[in-house]
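A.B. asks: Mapping of the sequence shown onto the numbering used here: residues 12 to 194, in sequence order.
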Amino acid sequence: SSQDRFDAWREKLRDVADLEPNSAKSLTRPVELATWDLGAIAVCQEKNPGAKFKRDSQAIRRALADHWYLYLLKSGSNCTIAGDRKAAGNASERFGQIGFYSLGQACHGEMNDIETLMVFIPRDLFAKDAAAIDKLNNSILQSPLASLLSDYLLALERQLTHVKQDDAPGIAKATEAMLSACL
Numbered sequence: 012s013s014q015d016r017f018d019a020w021r022e023k024l025r026d027v028a029d030l031e032p033n034s035a036k037s038l039t040r041p042v043e044l045a046t047w048d049l050g051a052i053a054v055c056q057e058k059n060p061g062a063k064f065k066r067d068s069q070a071i072r073r074a075l076a077d078h079w080y081l082y083l084l085k086s087g088s089n090c091t092i093a094g095d096r097k098a099a100g101n102a103s104e105r106f107g108q109i110g111f112y113s114l115g116q117a118c119h120g121e122m123n124d125i126e127t128l129m130v131f132i133p134r135d136l137f138a139k140d141a142a143a144i145d146k147l148n149n150s151i152l153q154s155p156l157a158s159l160l161s162d163y164l165l166a167l168e169r170q171l172t173h174v175k176q177d178d179a180p181g182i183a184k185a186t187e188a189m190l191s192a193c194l
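#1: Using CA atoms only, rank isn't needed, just tell me which of GLN170, LYS175, PHE131 is closest to LEU190.
#2: Do you know whose CA, among CYS90, MET122, LEU81, lies nearest GLY110's CA?
#3: Can GLN14 be considered in contact with the ligand SAH, in the sense that its beta carbon sits closer than 8 Å to one or more heavy atoms?
#4: Looking at the strands, I want to know which residues DSSP matches up with THR127.
#5: Could you tell me which residues DSSP pairs with MET122 in its beta bridges?
#6: If we ignore side chains and look at the alpha-carbon of each, how far apart do VAL42 and ASN59 end up?
#7: Mapping DSSP to helix, strand and coil, what is GLY110?
#8: Where does LEU156 sit, in a helix, a strand or coil, going by DSSP?
#9: Put LEU44 into one of helix, strand or coil per three-state DSSP.
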């Protein structure tokens with residue numbers, strides 16, 4: 012049933028955020044999800060009809076992951092609010108923009124009819140710059156280098172289904188270099 016599909020998606024993402032339907036469309040349309048493990052970095056494609064999401068202190072503890080993630084929006088809309096209501100930061104992506112988030116920070120928001128590419132980055136990959144990078148949480152990366160990173164990630168995505176396991180370390184190194192230049 013459509014409720015079963017939504018529940019399966021909710022369970023798959025349970026360690027990252029709690030999901031709730033935001034419309035009847037959330038229950039009737041399919042979700043597509045694919046992940047590539049490149050070693051230290053993971054890349055995930057997702058297409059979904061939308062949902063409300065919330066990452067609270069319980070979800071943060073469940074995740075057991077100290078990662079940042081980039082959220083490259085390809086279609087639809089996503090709005091993420093971090094912090095308390097009085098001092099909330101708000102990041103709303105548009106096509107090709109990259110949102111930057113931390114799995115270690117609480118947030119909530121809503122996504123609608125999205126297609127996205129996400130890159131999960133362990134904090135220890137950039138440990139010496141972690142404090143500075145943390146300041147980017149819940150923001151849209153906007154610079155010529157961010158545009159270059161967006162283009163690179165879209166090109167990488169087109170090739171992911173052709174990547175052999177032996178290629179993963181080199182791709183991870185190239186991706187790490189692009190992230191380092193941008194962040």
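Every residue, glycine too, gets a C-beta built ideally from N, C-alpha and C.
C.D. replies: The structure says:
#1: PHE131
#2: LEU81
#3: Ligands are entirely absent from the displayed structure, and the ligand SAH is therefore not among its contents.
#4: GLU57, LEU84
#5: ALA62, ASN89
#6: 5 Å
#7: strand
#8: helix
#9: strand
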